[in-house]
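Visitor: One gets the numbering used here by counting positions in the sequence shown from 1 and adding 794 to each. Glycine included, each C-beta is placed from N, C-alpha and C at the ideal position. Remember, it's a predicted structure, so these values are computed and weren't measured experimentally.
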Amino acid sequence: MLFVTVFALISGRITAQTPNAYQFIEPNVSLKYDSTLVKSKDRFTNSVYGTESYGFSYAFPNRSKTYIQISTGLPPKNADQKYQDSVANAIIKQINRYAGDSIVIKATRPVRYKGFSGYGYITWRKKSKMYDIAYAGTRFFDDGLCKIYYISSSPNAIDGFDKDSVVITALIDGIESYSKKYFEEEEIALKQKYAIVVDSIAKPSGFPIEGTYFGLVKVKGKLENTIQSVDMGYQQFFPDYRNEILVYFNDAGKGQVEKKGHLIMINKVGKQVRLPFTFSYYNK
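#1: For residue 988, does the count of other Cβ atoms within 10 angstroms reach 16, so buried, or fall short, so exposed?
#2: Counting pairs of Cβ atoms below 8 Å between the segment 1022-1037 and the segment 994-1003, do you hit three or more?
#3: Beta strand (DSSP E) containing residue 1043: first to last residue?
#4: How is the beta strand (DSSP E) around residue 982 delimited, first residue to last?
#5: Considering Cα atoms alone, identify which of 844, 834, 1050 is closest to residue 822.
#6: Name the residue from 1069, 1023, 849 whose alpha carbon lies nearest to the alpha carbon of residue 980.
#7: When DSSP labels each residue in this structure, what does residue 1014 get in the three-state scheme?
#8: For the candidate residues 910, 1071, 1019, whose alpha-carbon lies nearest to that of residue 966?
#9: For a test of the three-state rule: what should DSSP assign to residue 1003, helix, strand or coil?
#10: Could you pull the start and end residues of the beta strand (DSSP E) that residue 823 belongs to?
#11: How about residue 834 and residue 817: do their beta carbons lie closer than 8 Å?
#12: Determine which residues share a DSSP beta bridge with residue 843 and list them.
#13: Check whether the Cβ atoms of residue 1054 and residue 1072 sit closer than 8 Å, and answer yes or no.
#14: Name the two residues that bound the continuous beta strand (DSSP E) containing residue 859.
#15: What's the gap between the Cα of residue 820 and the Cα of residue 866?
#16: Since residue 926 is in the beta strand (DSSP E), which residue starts that stretch and which ends it?
#17: According to DSSP, is residue 959 helix, strand or coil?
#18: Which word fits residue 839, buried or exposed, when buried means at least 16 other C-beta atoms lie within 10 angstroms of its C-beta?
#19: Going by other Cβ atoms of all chains shown within 10 Å of its Cβ, with 16 needed for buried, is residue 901 buried or exposed?
#20: In this structure, how does DSSP classify residue 1025 when only helix, strand and coil are distinguished?
#21: Using the three-state DSSP reduction, which class does residue 964 fall into: helix, strand or coil?
#22: Starting from residue 941, follow the beta strand (DSSP E) in both directions and report where the run begins and ends.
#23: Say whether the segment 1055-1062 touches the segment 966-976, bearing in mind that this needs 3 or more beta-carbon pairs closer than 8 Å, one atom from each stretch.
#24: Rounded to whole angstroms, how far is the Cβ of residue 855 from the Cβ of residue 939, which I believe are closer than 8 Å?
#25: Does the separation of the CB atoms of residue 948 and residue 857 fall below 8 Å?
#26: Are the CB atoms of residue 958 and residue 946 nearer to each other than 8 Å?
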């Protein structure tokens, strides 16, 4: 087994009584982690499929670099056990392809933890004289999948998996998945909870941009969610300290103008929820 009892004994330094950061990874996974040890590094998105990957660095003592990537994917057409085993077997084949004149595989270990399955391995790179320890694992959900990839490099010999297992298991413990139905219900609840109004105002004193219309987008109702922005399709606007959003437009056409937009809120698990609204005004 990949994750041994040493995790229960020392993972407290990663998960307990530490500052927590939260990251939602589209379309259906949230991640909670210790922001004093794990630092967000990069982000990759697939706008066609609506999936994301986030990369993190970890301050592993006496290592030159430790990098973790957590990504999501759409559900495969057939995610039965045979298919899931084939994913793990593909990792094993990839490991074996590394073996050769320049890379020596020192040890391998299967990954089995909280639904994630895959493989871990330790290698020695002859040319760069570096040791690497890596894990690759996948968990399948009803509405998608989550992959985690971990690699840590050191000029010194890596003598086992246990210390690195503590890091990766702590991250996996912070991963939660959510169903499509859950998000649909959450969106309905927020639409019922909040009303969005737009009040026309005069151009704010000293405002540097000219416009034919200025307005304040406000949320009516006890605000228990974070407002991220207002999306008008071609313009993004952001809230002030009162959670009011100044919007402004420069319309070429005269007469009655109708605008459609979305107020983007962050729900309790960190996912963006788009609340549609419309308003109109007369442009002289």
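Guide: Quick look at the numbers:
#1: buried
#2: Contact between the segment 1022-1037 and the segment 994-1003 is absent, with fewer than three C-beta pairs closer than 8 Å.
#3: 1039-1043
#4: From DSSP, residue 982 is part of no beta strand (DSSP E) but of the alpha helix (DSSP H) over 974-987.
#5: When each option's Cα is compared against that of residue 822, the closest is 844.
#6: Of all alpha-carbon atoms in 1069, 1023, 849, the one lying nearest the alpha-carbon of residue 980 is that of 1069.
#7: strand
#8: 910
#9: coil
#10: 823-828
#11: It is a contact, given that the beta carbons lie within the stated cut-off.
#12: DSSP output for residue 843 lists no bridge partner at all.
#13: yes
#14: 859-867
#15: 7 Å
#16: 924-935
#17: helix
#18: exposed
#19: exposed
#20: strand
#21: Correct three-state label for residue 964: helix.
#22: 938-948
#23: no
#24: Rounded, the Cβ-Cβ distance is 32 Å, inconsistent with contact.
#25: yes
#26: Residue 958 is a Cβ neighbour of residue 946, given a cutoff of 8 Å.
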